[in-house]
Amino acid sequence: MVLSYKISCLLLGSDLFRLVFFSSTVNLLDSKASQGELGWISYPSHGWEEISGVDEHYTPIHTFQVCNIMEYNQNNWLRTTWIPRNSAQKIYVELKFTLRDCNSIPLVLGTCKETFNLYYLEIDEDQGAKFREHQFSKIDTIAADESFTQTDLGDRILKLNTEVREVGPITRKGFYLAFQDLGACVALVSVRVYFKKCPTMIRNLAVFPDTVPTDSQSLVEVQGSCVNNSKEEETPKMYCSTEGEWLVPIGQCLCDIGYEERTFSCQACRPGFYKSSSGNMKCSKCPPNSHTYLEGSIYCMCDRNYFRSEDDPASMACSRPPSAPRNVISIINETSVILDWSWPTDTGGRKDVTFNVVCKRCGRGQQQCEPCRGAVRFLPRPTGLSNTTVTVADLLAHTNYTFEIEALNGVSALAPTQRQYAAVTITTNQAAPSPVTVVRKNKTSQRSISLSWLEPERPNGIILDYEVKYYEKQEQETSYTILRAKGTNVTLTGLKADTTYAVQIRARTAAGYGSSSKKFEFETTPESFSITSENSQLILIAICSAVVIIFLTVVGYILVSRFCGHRRSKHSDEKRMNYGNGHLRLPGVRTYVDPHTYEDPSQAVHEFAKELDASCIAIDKVVGAGEFGEVCCGRLKLPSKKEICVAIKTLKAGYTEEQRRDFLSEASIMGQFDHPNIIRLEGVVTRSKCPSWLYFIRQSCLKHDAQFTVIQLVGMLRGIASGMKYLSDMGYVHRDLAARNILVNSNLVCKVSDFGLSRVLEDDPEAAYTTRGGKIPIRWTAPEAITYRKFTSASDVWSYGIVLWEVMSYGERPYWEMSNQDVIKAVEEGFRLPPPMDCPAALYQLMLDSWQKDRNNRPKFTEIVSYLDKLIRNPGSLKVIANTTSRPPNLLLDRTSADVTTFHTMGGWLEGVRKVPCHDAFSGVSYSSCDTMAKTSAQDFCEVGMTITEAQMSGIKTLEAHGKNGPSSRVNL
Numbered sequence: 001m002v003l004s005y006k007i008s009c010l011l012l013g014s015d016l017f018r019l020v021f022f023s024s025t026v027n028l029l030d031s032k033a034s035q036g037e038l039g040w041i042s043y044p045s046h047g048w049e050e051i052s053g054v055d056e057h058y059t060p061i062h063t064f065q066v067c068n069i070m071e072y073n074q075n076n077w078l079r080t081t082w083i084p085r086n087s088a089q090k091i092y093v094e095l096k097f098t099l100r101d102c103n104s105i106p107l108v109l110g111t112c113k114e115t116f117n118l119y120y121l122e123i124d125e126d127q128g129a130k131f132r133e134h135q136f137s138k139i140d141t142i143a144a145d146e147s148f149t150q151t152d153l154g155d156r157i158l159k160l161n162t163e164v165r166e167v168g169p170i171t172r173k174g175f176y177l178a179f180q181d182l183g184a185c186v187a188l189v190s191v192r193v194y195f196k197k198c199p200t201m202i203r204n205l206a207v208f209p210d211t212v213p214t215d216s217q218s219l220v221e222v223q224g225s226c227v228n229n230s231k232e233e234e235t236p237k238m239y240c241s242t243e244g245e246w247l248v249p250i251g252q253c254l255c256d257i258g259y260e261e262r263t264f265s266c267q268a269c270r271p272g273f274y275k276s277s278s279g280n281m282k283c284s285k286c287p288p289n290s291h292t293y294l295e296g297s298i299y300c301m302c303d304r305n306y307f308r309s310e311d312d313p314a315s316m317a318c319s320r321p322p323s324a325p326r327n328v329i330s331i332i333n334e335t336s337v338i339l340d341w342s343w344p345t346d347t348g349g350r351k352d353v354t355f356n357v358v359c360k361r362c363g364r365g366q367q368q369c370e371p372c373r374g375a376v377r378f379l380p381r382p383t384g385l386s387n388t389t390v391t392v393a394d395l396l397a398h399t400n401y402t403f404e405i406e407a408l409n410g411v412s413a414l415a416p417t418q419r420q421y422a423a424v425t426i427t428t429n430q431a432a433p434s435p436v437t438v439v440r441k442n443k444t445s446q447r448s449i450s451l452s453w454l455e456p457e458r459p460n461g462i463i464l465d466y467e468v469k470y471y472e473k474q475e476q477e478t479s480y481t482i483l484r485a486k487g488t489n490v491t492l493t494g495l496k497a498d499t500t501y502a503v504q505i506r507a508r509t510a511a512g513y514g515s516s517s518k519k520f521e522f523e524t525t526p527e528s529f530s531i532t533s534e535n536s537q538l539i540l541i542a543i544c545s546a547v548v549i550i551f552l553t554v555v556g557y558i559l560v561s562r563f564c565g566h567r568r569s570k571h572s573d574e575k576r577m578n579y580g581n582g583h584l585r586l587p588g589v590r591t592y593v594d595p596h597t598y599e600d601p602s603q604a605v606h607e608f609a610k611e612l613d614a615s616c617i618a619i620d621k622v623v624g625a626g627e628f629g630e631v632c633c634g635r636l637k638l639p640s641k642k643e644i645c646v647a648i649k650t651l652k653a654g655y656t657e658e659q660r661r662d663f664l665s666e667a668s669i670m671g672q673f674d675h676p677n678i679i680r681l682e683g684v685v686t687r688s689k690c691p692s693w694l695y696f697i698r699q700s701c702l703k704h705d706a707q708f709t710v711i712q713l714v715g716m717l718r719g720i721a722s723g724m725k726y727l728s729d730m731g732y733v734h735r736d737l738a739a740r741n742i743l744v745n746s747n748l749v750c751k752v753s754d755f756g757l758s759r760v761l762e763d764d765p766e767a768a769y770t771t772r773g774g775k776i777p778i779r780w781t782a783p784e785a786i787t788y789r790k791f792t793s794a795s796d797v798w799s800y801g802i803v804l805w806e807v808m809s810y811g812e813r814p815y816w817e818m819s820n821q822d823v824i825k826a827v828e829e830g831f832r833l834p835p836p837m838d839c840p841a842a843l844y845q846l847m848l849d850s851w852q853k854d855r856n857n858r859p860k861f862t863e864i865v866s867y868l869d870k871l872i873r874n875p876g877s878l879k880v881i882a883n884t885t886s887r888p889p890n891l892l893l894d895r896t897s898a899d900v901t902t903f904h905t906m907g908g909w910l911e912g913v914r915k916v917p918c919h920d921a922f923s924g925v926s927y928s929s930c931d932t933m934a935k936t937s938a939q940d941f942c943e944v945g946m947t948i949t950e951a952q953m954s955g956i957k958t959l960e961a962h963g964k965n966g967p968s969s970r971v972n973l
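To convert, note that position 235 of the sequence shown is 235 in full-length UniProt numbering; the numbers rise steadily by one, no gaps.
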């Protein structure tokens, strides 16, 4: 193959390279098809003669012949009837005739000719029998490739000649053809006049109408119209050539939802099938527990007692609520209970099963229960449980409770009558009361403190009394006093003035004392200051109010300042938000997510790629091997889907964890892309000993040795640029764009592939240059990426320029056999690859633009796509071939060779190789003639500081021959 490709299993079929579609011809005149006389005019009347006969297939035909070779000054004319041109601009005239060899005719006295002339006349209407010789314009003189003799005539073996001539442009409504004989023995067997057109065609679900090409060299751009029940994905276009051939299909139409592509049209899905999204995929069979009896269904309705939630895709089977949980077990610990149960027997066909627990408090002997109130706690929570256990705490002691455990899934809300639950009834044990949490100071004096408190939140029975324990704070509970109170208030007396007391309270029931409350601190009033509790509360409220007002004022000022500052900086911040590769983050634009940011690569691959069942994959053969494992060609057959051909990459046995991460990361990268010029990941298989992933291919490998037309190559390059524009817009930098990583399908649509930079890139061990951070494909990599590891979309543009050079040179190795270090040095010094043979100047200029040293001066992929579109619309611009003499300075070639033929003196030759280091050494040596230079020995070169090899000496010796005998071959130093 003329390009380098990665996978050897991409294209099969008889239409391997059928990008140019068939053309059609329209006959304006066909003398063989006429059943009667043709009605052509012969002038003079005794010149051309109409004769009825049969052709080689014994079909009746009308021919014209003339053979007045014995008379001088013959001028015999034959004119056709008026021929309407219809829509033709360029016509073709096909002549089939026989002609006799003049040498085989005796006594012709120089009057015999072996040619005749073809003329035409454009005119808007039929002139009848009127004939004017001077009105006709000559098309060509027609000569025979083969002529017959008298012997052939006797054996009835006449040699038929066929000649075709173009005429155009034709601008009038019609025309005549005329044949002039000047003394030949010729017979016109048939005359056919026709023109070419691009026929009506359906391509990519778009209809392209009959199109007559113009007479110019430009292609006619034709926009197709989508077939019924389809819409444009990208505007479909093709180009009609002057030969009536369709070229370079761009864009396509997609079938509407409920329709699939069949026989070049979009037809409604059959009953029992559906299609919920637009595209050219086939209709799918209704998933389990669903049906449709209509044509063109966009989804299937669920069967009776089955449901589909709003979030379920149309491809998901209909499901139903789960059955009740089983085997409920309760473990009671005083006022807490642990509930445990088993999963339902029937999950309803779904995996999103959760559980809700409802608590009800039931009185003794009462049939009805009420929802639990108070501070009942569920650990972890009462609803949305994914596990089959829950702890319920802070219940009341000696109380009956019923717990209803319900299993739910995504469709339970749609079928409330089918919801089922399991129930368990328990009675809590005896328990002490919970601590007192709220204690208030009613009033204080120099010798007493009046207190009140609230009953515990969980008394767990009848409270018999409270124990109040108090002591001076500074004594730290070394000496304390205990009081007992029947109610929820008490007055502490016999206290010291201006002293802080700590107070703790606990409640007692028949089960005993509960836990003590936390320490509450209260102060008595000083002896010099006596104020009622009411006044002290008013003063405290005033102070607190002032503090709160000040605090709210400060907080409000801070919030307003920050909000205004945020509003002022919002727009500038948005302008600064960008990706690491320089792409702006725009609202609604899909961006690339680096899978290496995931801690587990399996999580990334399952987020971006679909898991496939290994049983759906059949491997046909192994076609290659990479760093990770084997590359295979196989087939994928998913349920309710048509079998497709896929390429399969597998991870070899004994892989390391780093290899596994890199392998899955490449699949995670591919899974994020969806573009016609990017290879599409079909799915992954991770639940096996050897993980693998598959990408979609329509046919097998591309193998072809014939060269493409330039317009086909530009169309292929446009596809590569379009795919790279998509990656650039996604914020992804490929880093390894090369012809070997471009896959091509049967329509010559190029797809960018290979998103794993860490692998070995070629068999050549020098193919990758290792720096800190990974391997770099030197021959395809921009200078800043090699030196500073700055990979951006601009470095991908540099690589695209190398791919462009590879394509136009038909797979030649970039920089040939130079080593990587030589390539790095040469590029840094300004060397750029020369234009390939017969490369259009417009494409070579694009290469040079892509190889600008300053990455900011390189074109964007958006600009490259637009530029190639212009070239496709105007193919005449591709006819100018790049001139190798006008290319930028080629330092390597300048250093290695100089053409002797361009110099007349030895001094001129050495001036021409001024970049060669030996120039300075020769400055003191006489080199005024080729003769002098040729007589210089290797020892003489050594004396001036130069070392010359035998091969170089042989080249120098040719200078003498050049000076004596004229130009010689190239001399290499």
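Glycine residues also receive a C-beta, built at the ideal position from the N, C-alpha and C atoms.
Collapsed DSSP secondary structure at residue i in the structure displayed
i: N429; result: coil
i: R661; result: helix
i: I91; result: strand
i: N745; result: coil
i: Q223; result: strand
i: K853; result: coil
i: M716; result: helix
i: D729; result: helix
i: N229; result: coil
i: L612; result: coil
i: R419; result: coil
i: R506; result: strand
Option nearest residue i by Cα separation, candidates the options
i: I679; options: F273, M716, F755; result: F755
i: E358; options: F179, R381, T171, E310; result: Per the sequence presented here, residue 358 reads as Val, with Glu not at that position. The shortest Cα separation from V358 among F179, R381, T171, E310 belongs to R381.
i: G514; options: F520, Q504, E521; result: Q504
i: A324; options: I786, M316, A423; result: A423
i: E260; options: K285, M238, W246, F861; result: K285
i: F179; options: K96, Y194, K159; result: K96
i: M730; options: P44, V710, I864, I669; result: I669
Extent of the continuous beta strand (DSSP E) to which residue i belongs
i: L118; result: 115–123
i: Q603; result: First-last for Q603: 601–608, but that is the alpha helix (DSSP H), not the beta strand (DSSP E).
i: A826; result: No beta strand (DSSP E) holds A826; the alpha helix (DSSP H) holding it covers 820–828.
i: H62; result: 60–66
7 Å Cβ shell around residue i - same chain, five flanking residues per side excluded
i: I202; result: V227, F264
i: S24; result: K197, P199, G244
i: T115; result: T141, I142, A143, A184
Cut-off 6 Å between Cβ atoms - residues of its own chain near residue i, not counting five sequence neighbours on either side
i: I802; result: W780, P814
i: I644; result: L636
i: A206; result: G224, C226, P236, C253
Limits of the alpha helix (DSSP H) - the one that residue i falls within
i: W805; result: 793–808
i: I786; result: 783–788
i: R873; result: 861–873
Same chain, Cβ closer than 8 Å to residue i, five either side skipped, listed in chain order
i: S602; result: L664, T686
i: L28; result: I83, P84, R85, N86, A88, I91, V193, Y194, F195
Any C-beta of chain B under 8 Å from that of residue i
i: E370; result: The question asks about chain B, but that chain is absent: this structure has only one protein chain.
**OP:** Please determine if the segment 459–473 and the segment 423–436 are in contact, where contact requires at least 3 C-beta pairs separated by less than 8 Å.
**Re:** yes
Original post:
Does the segment 70–79 come close enough to the segment 34–52 that 3 or more CB-CB pairs lie under 8 Å?
Top reply: yes
Original post:
Is the segment 793–807 in contact with the segment 843–862, if contact means three or more CB pairs nearer than 8 Å?
Top reply: yes
Original post:
Taking contact to mean at least 3 C-beta pairs separated by less than 8 Å, is the segment 291–300 in contact with the segment 320–336?
Top reply: no
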